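Enquirer:
Number of protein chains: 4
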Amino acid sequence: MLKTVMQNTRKKQNIRKKELINATMSIIHETGLADPTLAAISDRAGLSSSSIVSHYFKNKQELLKETMLDFVGGFLGEMVFRVAAGKSPLEKIYALIDANFAPSQCTPEAISVWMFFWGRVPVNEDFAEIERTLEKYMINELKQALIELVPNEQVDYFAESVIAIIYGLWLRFALDPKRITLETAHKITIDLVHARIGISKP
Amino acid sequence: MLKTVMQNTRKKQNIRKKELINATMSIIHETGLADPTLAAISDRAGLSSSSIVSHYFKNKQELLKETMLDFVGGFLGEMVFRVAAGKSPLEKIYALIDANFAPSQCTPEAISVWMFFWGRVPVNEDFAEIERTLEKYMINELKQALIELVPNEQVDYFAESVIAIIYGLWLRFALDPKRITLETAHKITIDLVHARIGISKP
Amino acid sequence: MLKTVMQNTRKKQNIRKKELINATMSIIHETGLADPTLAAISDRAGLSSSSIVSHYFKNKQELLKETMLDFVGGFLGEMVFRVAAGKSPLEKIYALIDANFAPSQCTPEAISVWMFFWGRVPVNEDFAEIERTLEKYMINELKQALIELVPNEQVDYFAESVIAIIYGLWLRFALDPKRITLETAHKITIDLVHARIGISKP
Amino acid sequence: MLKTVMQNTRKKQNIRKKELINATMSIIHETGLADPTLAAISDRAGLSSSSIVSHYFKNKQELLKETMLDFVGGFLGEMVFRVAAGKSPLEKIYALIDANFAPSQCTPEAISVWMFFWGRVPVNEDFAEIERTLEKYMINELKQALIELVPNEQVDYFAESVIAIIYGLWLRFALDPKRITLETAHKITIDLVHARIGISKP
DNA sequence: GATGAATGAGGGTTCATTCAT
DNA sequence: TATGAATGAACCCTCATTCAT
Numbered sequence: 001m002l003k004t005v006m007q008n009t010r011k012k013q014n015i016r017k018k019e020l021i022n023a024t025m026s027i028i029h030e031t032g033l034a035d036p037t038l039a040a041i042s043d044r045a046g047l048s049s050s051s052i053v054s055h056y057f058k059n060k061q062e063l064l065k066e067t068m069l070d071f072v073g074g075f076l077g078e079m080v081f082r083v084a085a086g087k088s089p090l091e092k093i094y095a096l097i098d099a100n101f102a103p104s105q106c107t108p109e110a111i112s113v114w115m116f117f118w119g120r121v122p123v124n125e126d127f128a129e130i131e132r133t134l135e136k137y138m139i140n141e142l143k144q145a146l147i148e149l150v151p152n153e154q155v156d157y158f159a160e161s162v163i164a165i166i167y168g169l170w171l172r173f174a175l176d177p178k179r180i181t182l183e184t185a186h187k188i189t190i191d192l193v194h195a196r197i198g199i200s201k202p
Numbered sequence: 001m002l003k004t005v006m007q008n009t010r011k012k013q014n015i016r017k018k019e020l021i022n023a024t025m026s027i028i029h030e031t032g033l034a035d036p037t038l039a040a041i042s043d044r045a046g047l048s049s050s051s052i053v054s055h056y057f058k059n060k061q062e063l064l065k066e067t068m069l070d071f072v073g074g075f076l077g078e079m080v081f082r083v084a085a086g087k088s089p090l091e092k093i094y095a096l097i098d099a100n101f102a103p104s105q106c107t108p109e110a111i112s113v114w115m116f117f118w119g120r121v122p123v124n125e126d127f128a129e130i131e132r133t134l135e136k137y138m139i140n141e142l143k144q145a146l147i148e149l150v151p152n153e154q155v156d157y158f159a160e161s162v163i164a165i166i167y168g169l170w171l172r173f174a175l176d177p178k179r180i181t182l183e184t185a186h187k188i189t190i191d192l193v194h195a196r197i198g199i200s201k202p
Numbered sequence: 001m002l003k004t005v006m007q008n009t010r011k012k013q014n015i016r017k018k019e020l021i022n023a024t025m026s027i028i029h030e031t032g033l034a035d036p037t038l039a040a041i042s043d044r045a046g047l048s049s050s051s052i053v054s055h056y057f058k059n060k061q062e063l064l065k066e067t068m069l070d071f072v073g074g075f076l077g078e079m080v081f082r083v084a085a086g087k088s089p090l091e092k093i094y095a096l097i098d099a100n101f102a103p104s105q106c107t108p109e110a111i112s113v114w115m116f117f118w119g120r121v122p123v124n125e126d127f128a129e130i131e132r133t134l135e136k137y138m139i140n141e142l143k144q145a146l147i148e149l150v151p152n153e154q155v156d157y158f159a160e161s162v163i164a165i166i167y168g169l170w171l172r173f174a175l176d177p178k179r180i181t182l183e184t185a186h187k188i189t190i191d192l193v194h195a196r197i198g199i200s201k202p
Numbered sequence: 001m002l003k004t005v006m007q008n009t010r011k012k013q014n015i016r017k018k019e020l021i022n023a024t025m026s027i028i029h030e031t032g033l034a035d036p037t038l039a040a041i042s043d044r045a046g047l048s049s050s051s052i053v054s055h056y057f058k059n060k061q062e063l064l065k066e067t068m069l070d071f072v073g074g075f076l077g078e079m080v081f082r083v084a085a086g087k088s089p090l091e092k093i094y095a096l097i098d099a100n101f102a103p104s105q106c107t108p109e110a111i112s113v114w115m116f117f118w119g120r121v122p123v124n125e126d127f128a129e130i131e132r133t134l135e136k137y138m139i140n141e142l143k144q145a146l147i148e149l150v151p152n153e154q155v156d157y158f159a160e161s162v163i164a165i166i167y168g169l170w171l172r173f174a175l176d177p178k179r180i181t182l183e184t185a186h187k188i189t190i191d192l193v194h195a196r197i198g199i200s201k202p
């Protein structure tokens, strides 16, 4: 009985936290990557005062960190899941690419948040740590697949190529979504893989 | 006589402006991509008061805009010059890639300024306009070279691939310079071009 | 029966109040005489929410007032008891001095609370009233003893001297406990009494 | 010429700083030893916004520290001067006592500031350092005089007695100025000295 | 009785900008 | 040209208090 109450409380609290996190992402998108203010965030979340934030998060930085953990973590989870479902090495690579260009990552809001995140990585140690984790997982999954497709000594090099093209297309897309469609971006990446693997197997 | 005085004055004024622009870049680098404050900038420029800035620039935004014009313009000029020196289409492409990984663009400070610039493009219309110009020139030079190397209908697609990999490697390098050397980044780009052209000419 | 329940309830309530009062003193000591926050106090008392305080006290000021009543009242009671036990006028004066330097008043926490109290007297009317009561009792006890030792017209003057030296040594001790030991402080006061009475009876 | 300008500027700045310091003391007195707010201070100084304070002081703590340096320093200077003017050891002790009860230290505002200062010494390290300096000088002057009046081994003990009675009377006076006049306080101290020296020379 | 949610006021600080000199 | 003075807006954060459960 007590347990139920506590779970409900816990759940309720998490719901409100999630609402604030969502509000944060929403505001980041809306104000164009500028530092979101707590006032705007709490207003968006339907709360009346910015002081409520400290009820749920230690401070602004903590809110931002948890927002990114939620966001990047969501992507990471989806990616790992997709890759795991790949039957062959090549399929796994495709899955990884697909994850990067998945609809959930391509909404205007998601793009804004990614840009916000990347732009702050060099300044924000919390963000940097998240980025390191993200990159570790991505590069790891990629290498595990590549190792069966290319000579050992070329794995690192190929992995870097694939990651780079994904990041690059993402950046291009974010800088001006009208310049390139996601489909094209997706295709370019796949083609690159083909080309690289093609020339690596004489 | 008066003209000479005015020219001197004008020249002097430009010198001071350049000093402030350099100070701006210096501070951007030092404070880690955070919004530089006028106080920090004027201090770095050896001026004692931040109010002096409005003698040379309308406001902070104007200073930032001119800083980016100076910085991005410098890169653009160098790039155009290098490409023009290329004897063949392929050489021109190499030249364009070389320009992107040129030493002048790879100092820690230059990397910081690039990141600052890119991160603000979605927020700052002035920056966005500069970015559009930059991209127009780059893509133009690239296409002029590609048109002689690949079928017409593939030019856009190839150009986008090359630009994307450059941007991607840049982003990777900026996020963590220790993860990849510029030499590797350079080589990956060149290899990509080879691979793409390779598979496009069976 | 009902009465018993109510008494128990009343007793329980008083226990909780006392816990909060103790917590208040504990926090005052720990945070170094700064204004204690209700959050810190309720946390120290083992309660999870600061809002519980208003169940037991009207508001923060009331809690502080009752804390001081408890603390100063404790000292006052002890002092009155000690003085009453004195057999002669001189013994009563000694008892009064002893009470001021009694172990219970000399713990680091007690010193902090005294300092907090004195420092707030000029600001806090509740505290001021408590201080007036304290002083009234002390000076009264002192004068009743002195009246048998010195000429009538000098009683006020002597009383003031003794009280002042006690307060002064206390302040000195509180400002830096390492500068003077309590034993020395005690001795100085006794000596003063001797000296004063000595010269008053040629 | 330039020097004159700089001096004027410097002087002007110091004038404004002094105004803010005076405003701080004024507000401390008026709001009854509570932490003065920058808004109240700048308002009192005739400035419109609290932000101006950071033009002259790093932050609030710095303003408070300099206020106390100014205030306590003023007393210390006066005391040292008075003591130096004393012709004999006894005169020097009288001078020290006089300094403590000098009119400049006995205005209602001065009393408030002293109470504010003492109350914060245990919390504020800057204040503590000032207090240590003050006490060092006072005790030093006192001992130099006492050494010619009482046996060597009693100097410390006597000095502590005198300081304590001064502090005590001060505290008494501050807690309720109506309870004791400064004249009486002064007389009590002098009498104590007589009494102590009297009994020390059998 | 006890908890967590929510509010609103207030404070210190930063900063771009304007103005007088 | 250059400086220092001054302003006002904005922001984050703390905290006592109230309310529903």
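Chains as they are written, first to last, in my numbering: chain A, 1 to 202; chain B, 1 to 202; chain C, 1 to 202; chain D, 1 to 202. The beta-carbon is built from N, C-alpha and C at its ideal position, and this holds for glycine as well. In this text the structure is predicted, and so the values were computed from the model without any measurement.
#1: Find out if the Cβ-Cβ distance for the pair C/G168, D/L171 is shorter than 8 Å.
#2: To which residues of the same chain is C/M25 closer than 7 Å at the C-beta, ignoring the five residues directly before and after it?
#3: When burial is assigned at 16 or more other CB atoms within 10 Å of the CB, is C/A185 buried or exposed?
#4: Buried or exposed: where does C/K65 fall if 16 or more other Cβ atoms within 10 Å of its Cβ makes it buried?
#5: With DSSP as the reference, label B/P108 as helix, strand or coil.
#6: Could you spell out the range, first to last residue, of the alpha helix (DSSP H) harbouring C/N140?
#7: Cβ of A/H186 less than 8 Å from any chain B Cβ?
#8: Mind listing the chain C neighbours of D/G32? Cutoff is C-beta to C-beta under 7 Å, in chain order.
#9: Could you check which residue in D/E19, D/M79, D/A164 and D/P89 has the C-alpha nearest to that of C/K187?
#10: Is there at least one Cβ from chain C nearer than 8 Å to D/R172's Cβ?
#11: Nearest to A/F75 by alpha carbon, out of A/E135, A/E62, A/H29 and A/V162?
#12: Do B/P89 and B/E148 have their beta-carbon atoms positioned less than 8 Å apart in this structure?
#13: Could you tell me the distance, in whole angstroms, from the CA atom of C/V150 to the CA atom of D/N152?
#14: Can a CB atom of chain D be found closer than 8 Å to the CB of C/M25?
#15: Within this structure, are the beta carbons of A/V193 and A/V162 separated by less than 8 Å?
#16: Could you tell me the boundaries of the alpha helix (DSSP H) in which D/A40 lies?
#17: In chain A, what lies closer than 9 Å to B/R196 by C-beta?
#18: In chain D, which residues lie with their C-beta within 8 Å of the C-beta of C/A110?
#19: Check distances from the C-beta atoms of the stretch 87-117 of chain D to those of chain C and list, in chain order, the residues that come in under 8 Å.
#20: Per DSSP, what kind of secondary structure is B/V193 in: helix, strand or coil?
#21: Using a C-beta cutoff of 8 Å, does A/E153 count as contacting chain B?
#22: Kindly indicate which residue of A/I27, A/D126 and A/Y157 has the alpha-carbon position closest to the one of B/R179.
#23: So, is D/H55 buried or exposed, given that buried needs 16 or more other C-beta atoms within 10 angstroms?
#24: Please list, in chain order, all residues of the same chain as A/E19 whose beta carbon is under 7 Å from its beta carbon, the five residues on each side excluded.
#25: Could you list the residues in the stretch 32-49 of chain B with a C-beta less than 7 Å from some C-beta on chain A, going in chain order?
#26: Would B/I180 count as contacting chain A if we go by Cβ distances under 8 Å?
#27: Taking C/M115 as the reference, give the member of C/I197, C/I21, C/D35 and C/Q13 with the closest Cα.
#28: What in chain D is Cβ-close to C/I163, meaning under 9 Å?
#29: Taking Cβ positions, are A/R120 and A/D98 nearer each other than 8 Å?
#30: Exposed or buried, what is D/E183 when buried is set at 16 or more other beta-carbons lying within 10 Å of its beta-carbon?
#31: Using 8 Å as the threshold, is the C-beta distance between C/E131 and D/L175 below it?
#32: Give the straight-line distance between the Cα atoms of C/T189 and C/I166, rounded to the nearest whole angstrom.
#33: Starting from the Cα of D/P103, find the closest Cα among D/Y137, D/A40, D/T181 and D/A159 and give me that residue.
#34: Under the three-state reduction of DSSP, which class applies to B/I199: helix, strand or coil?
#35: Near C/I139, which residues of its chain fall below 6 Å by C-beta distance, leaving aside the five closest residues on each side in sequence?
Expert: In this structure, then:
#1: Yes, these two residues count as a Cβ contact at 8 Å.
#2: Its chain contains T67, F71, E109 and V113 as the residues whose beta carbon lies nearer than 7 Å to that of C/M25, once the 5 sequence neighbours on both sides are disregarded; these appear in chain order.
#3: So C/A185 ends up on the buried side.
#4: Per the 10 Å Cβ criterion, buried.
#5: In the structure shown, B/P108 falls within a helical segment according to DSSP collapsed to helix, strand and coil.
#6: Secondary structure note for C/N140: its alpha helix (DSSP H) is the uninterrupted segment E125 to L146.
#7: No, because no Cβ of chain B sits closer than 8 Å to the Cβ of A/H186.
#8: Ordered by position in chain C, the residues that pass the 7 Å Cβ test against D/G32 are P122 and V123.
#9: By alpha-carbon distance to C/K187, the top candidate from D/E19, D/M79, D/A164 and D/P89 is D/A164.
#10: Among the CB atoms of chain C, one or more fall inside 8 Å of the CB of D/R172.
#11: If we check each option's Cα against that of A/F75, A/E135 comes out closest.
#12: For the pair B/E148 and B/P89, the CB atoms are nearer than the 8 Å cut-off.
#13: If you take the alpha carbons of C/V150 and D/N152, they lie about 32 Å apart.
#14: With 8 Å as the cut-off, C/M25 does not count as an interface residue toward chain D.
#15: In contact: A/V193 and A/V162 (Cβ atoms closer than 8 Å).
#16: For D/A40, the enclosing alpha helix (DSSP H) starts and ends at L38 to R44.
#17: Contact annotation for B/R196 against chain A: D191, L192 and A195 [CB-CB distance below 9 Å, chain order].
#18: Within chain D, no residue has its CB atom less than 8 Å from the CB of C/A110, the nearest being about 14 Å off.
#19: Residues S112 and M115.
#20: Per DSSP, reduced to three states, the secondary structure at B/V193 is helical.
#21: Under the Cβ distance rule, A/E153 does not count among the residues neighbouring chain B, no pair being separated by less than 8 Å.
#22: Of A/I27, A/D126 and A/Y157, the residue nearest in Cα terms is A/Y157.
#23: Exposed is the call here.
#24: Apart from the 5 residues on each side of it in sequence, A/E19 sits with its Cβ closer than 7 Å to the Cβ of A45 in its chain, given in chain order.
#25: Within the stretch 32-49 of chain B, the qualifying residues are G32, L33 and A34.
#26: Against chain A, the CB of B/I180 has a partner CB under 8 Å away; the residue lies at that interface.
#27: Closest by alpha carbon: C/D35.
#28: Within chain D, the residues G168 and R172 have their CB atoms less than 9 Å from the CB of C/I163, given in chain order.
#29: In this structure, A/R120 keeps its C-beta atom at 8 Å or more from the C-beta atom of A/D98.
#30: With fewer than 16 Cβ atoms within 10 Å of its Cβ, D/E183 is classed as exposed.
#31: Contact flag set, yes.
#32: Those two C-alpha atoms are separated by around 7 Å.
#33: With respect to the C-alpha of D/P103, the residue from D/Y137, D/A40, D/T181 and D/A159 having the closest C-alpha is D/T181.
#34: Here B/I199 scores only 48 on pLDDT, less than 50, and its place in the model is too uncertain to base an answer on.
#35: Around C/I139: A159.
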